[in-house]
Amino acid sequence: MRIVISGAAGFIGSHMCDRLLAEGHTVVGIDNFLTGSAQNIAHLASNQRFQFIRHDVTQTTEVDGAVDAVIHMASPASPRDYLEHPIETLAVGSAGTRNMLEVARARNATFLMTSTSETYGDPLVHPQVETYWGNVNPVGPRSCYDESKRFAEALTMAYHRTHHTRTNIARIFNTYGPRMKLNDGRVVPAFLDQALRGEPLTVFGDGSQTRSFCYVSDLVDGLYRLMQSDERYPVNLGNPGEMTILEFAEHIRRLTGSQSAIIHEALPQDDPKQRKPDISKARRLLGWEPHVPLDEGLAQTIDYFRKTQATLA
Ligand code: UDP
Numbered sequence: 142m143r144i145v146i147s148g149a150a151g152f153i154g155s156h157m158c159d160r161l162l163a164e165g166h167t168v169v170g171i172d173n174f175l176t177g178s179a180q181n182i183a184h185l186a187s188n189q190r191f192q193f194i195r196h197d198v199t200q201t202t203e204v205d206g207a208v209d210a211v212i213h214m215a216s217p218a219s220p221r222d223y224l225e226h227p228i229e230t231l232a233v234g235s236a237g238t239r240n241m242l243e244v245a246r247a248r249n250a251t252f253l254m255t256s257t258s259e260t261y262g263d264p265l266v267h268p269q270v271e272t273y274w275g276n277v278n279p280v281g282p283r284s285c286y287d288e289s290k291r292f293a294e295a296l297t298m299a300y301h302r303t304h305h306t307r308t309n310i311a312r313i314f315n316t317y318g319p320r321m322k323l324n325d326g327r328v329v330p331a332f333l334d335q336a337l338r339g340e341p342l343t344v345f346g347d348g349s350q351t352r353s354f355c356y357v358s359d360l361v362d363g364l365y366r367l368m369q370s371d372e373r374y375p376v377n378l379g380n381p382g383e384m385t386i387l388e389f390a391e392h393i394r395r396l397t398g399s400q401s402a403i404i405h406e407a408l409p410q411d412d413p414k415q416r417k418p419d420i421s422k423a424r425r426l427l428g429w430e431p432h433v434p435l436d437e438g439l440a441q442t443i444d445y446f447r448k449t450q451a452t453l454a
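Using the numbering used here, the first residue of the sequence shown is number 142, and each one after it goes up by one.
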């Protein structure tokens, strides 16, 4: 297949490119490097089956030649990034999604929308099932991301209903692994960077809020299966292993052998109190579930962060 992927230079996007190329496909990667990095795809420069276009998909987007599948991954994804770029975040979820859907429609290609567990907001149903409509503050600081992705899901369904575009929607839960930016503010890079430097780990609030962390190769495997399925409604992809953020901080300290203290900082507004995917649907429809144990995934990530810190030093 010839596959167009927006956000190709992002954390998950670049791993998706690797997987698609490993499966023998040809990949056209698009990114404007707003939050992605050329470093993440530097190793693909000599690959004959990889083409890169530096482009902002919120602008008119045209791709030459046949296209079999479109994957829309472009978006700031960490709270720090989307709070810094709220308007760009809304633009890429709206105009960007429309432009990528148009590429799919014009070429009769399949379309995969990578949405988020943030569509559930601060969820009142736990664990989160796809049929839950969510609890989102439409005017809070996180709404630029939550509502952008909710709009993108609605637009994707409208293209399917109106134009019969073969669409899929993934709701991605917290994912971690190599190529996350050290300073993107998310909890995995933040705690690892702090622990490896011997600086205090900054737990926001009392740390009783929960998250469930999925290693990137597992996530990418779920996305690859989903884009080949006929399921049009959203499918959760994530690891159901849930823990509190305070437990996670203590765990990172043990794993890295760090002497770092744990300190508490203010809890950001609308920070979801609990998050854990119900993955029954992915298990049933895709035969998918995560396999990489947390400590194994974290070991890979720690290794990457150590090397990255060394090159920055
Ligand atoms: N968090 C924290 N310290 C940090 C960064 C994040 O305690 O330095 C908390 C944050 O408040 C949230 C959880 O960790 O409850 C996950 O945050 P992240 O930014 O990784 O992603 P989110 O799941 O909120 O989108």
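Ideal placement from N, C-alpha and C gives every residue a C-beta, glycine not left out.
Taking the continuous beta strand (DSSP E) assigned at residue i, which residues delimit it?
{"i": "Gly170", "result": "167 to 172"}
{"i": "Glu383", "result": "383 to 385"}
{"i": "Leu342", "result": "342 to 345"}
{"i": "Phe193", "result": "191 to 195"}
{"i": "Ser147", "result": "143 to 147"}
{"i": "Thr297", "result": "No beta strand (DSSP E) holds Thr297; the alpha helix (DSSP H) holding it covers 284 to 304."}
{"i": "Phe252", "result": "251 to 257"}
{"i": "His210", "result": "According to the sequence as given, residue 210 is Ala; it is not His. Here the beta strand (DSSP E) through Ala210 covers 210 to 213."}
{"i": "His405", "result": "403 to 406"}
{"i": "Arg160", "result": "No beta strand (DSSP E) contains Arg160, which is instead part of the alpha helix (DSSP H) from 152 to 163."}
{"i": "Val376", "result": "376 to 378"}
{"i": "Arg352", "result": "351 to 353"}
Sorry if obvious, but does the Cβ on residue i come closer than 7 Å to a heavy atom of the ligand UDP?
{"i": "Arg455", "result": "A question about residue 455 goes unanswered here, because the residues of the chain that appear run from 142 up to 454."}
{"i": "Ser219", "result": "yes"}
{"i": "Arg352", "result": "yes"}
{"i": "Leu408", "result": "yes"}
{"i": "Asp411", "result": "no"}
{"i": "Val266", "result": "no"}
{"i": "Val344", "result": "yes"}
{"i": "Ala331", "result": "yes"}
{"i": "Asn315", "result": "yes"}
{"i": "Ile386", "result": "yes"}
Within this structure, are the beta carbons of residue i and residue j separated by less than 8 Å?
{"i": "Gly151", "j": "Asp172", "result": "yes"}
{"i": "Val168", "j": "Leu175", "result": "no"}
{"i": "Ser256", "j": "Val198", "result": "no"}
{"i": "Val361", "j": "His156", "result": "yes"}
{"i": "Gly363", "j": "Ser258", "result": "no"}
{"i": "Tyr223", "j": "Tyr286", "result": "yes"}
{"i": "Pro268", "j": "Pro381", "result": "yes"}
{"i": "Thr202", "j": "Met241", "result": "yes"}
{"i": "Arg416", "j": "Arg352", "result": "yes"}
{"i": "Arg248", "j": "Leu296", "result": "no"}
{"i": "Ala245", "j": "Thr306", "result": "yes"}
{"i": "Glu288", "j": "Tyr374", "result": "no"}
{"i": "Pro431", "j": "Tyr356", "result": "yes"}
{"i": "Met368", "j": "Leu185", "result": "no"}
{"i": "Leu387", "j": "Ile443", "result": "no"}
{"i": "Gly170", "j": "Phe193", "result": "yes"}
So residue i is in the alpha helix (DSSP H); what residue range does that whole segment cover?
{"i": "Ser358", "result": "357 to 367"}
{"i": "Leu224", "result": "220 to 225"}
{"i": "Glu437", "result": "435 to 453"}
{"i": "Ile310", "result": "Here Ile310 belongs to no alpha helix (DSSP H); instead the beta strand (DSSP E) covers 308 to 313."}
{"i": "Val329", "result": "328 to 338"}
{"i": "Arg424", "result": "421 to 427"}
Does residue i pass the burial test, meaning 16 or more other C-beta atoms within 10 Å, or should it be called exposed?
{"i": "Arg320", "result": "buried"}
{"i": "Thr260", "result": "buried"}
{"i": "Asp263", "result": "buried"}
{"i": "Ser349", "result": "exposed"}
{"i": "Val204", "result": "buried"}
{"i": "Asn324", "result": "exposed"}
{"i": "Pro279", "result": "exposed"}
{"i": "Ile182", "result": "buried"}
{"i": "Thr303", "result": "exposed"}
{"i": "His429", "result": "Looking at the sequence shown, residue 429 is not His but Trp. So Trp429 counts as buried."}
{"i": "Thr316", "result": "buried"}
{"i": "Asp359", "result": "buried"}
{"i": "Asp159", "result": "buried"}
{"i": "Ala423", "result": "buried"}
{"i": "Asn276", "result": "exposed"}
Using a threshold of 7 Å, is the CB atom of residue i nearer than that to any non-hydrogen atom of the ligand ATP?
{"i": "Ile393", "result": "Within the structure as shown, the ligand ATP is missing, the only ligands being the ligand UDP."}
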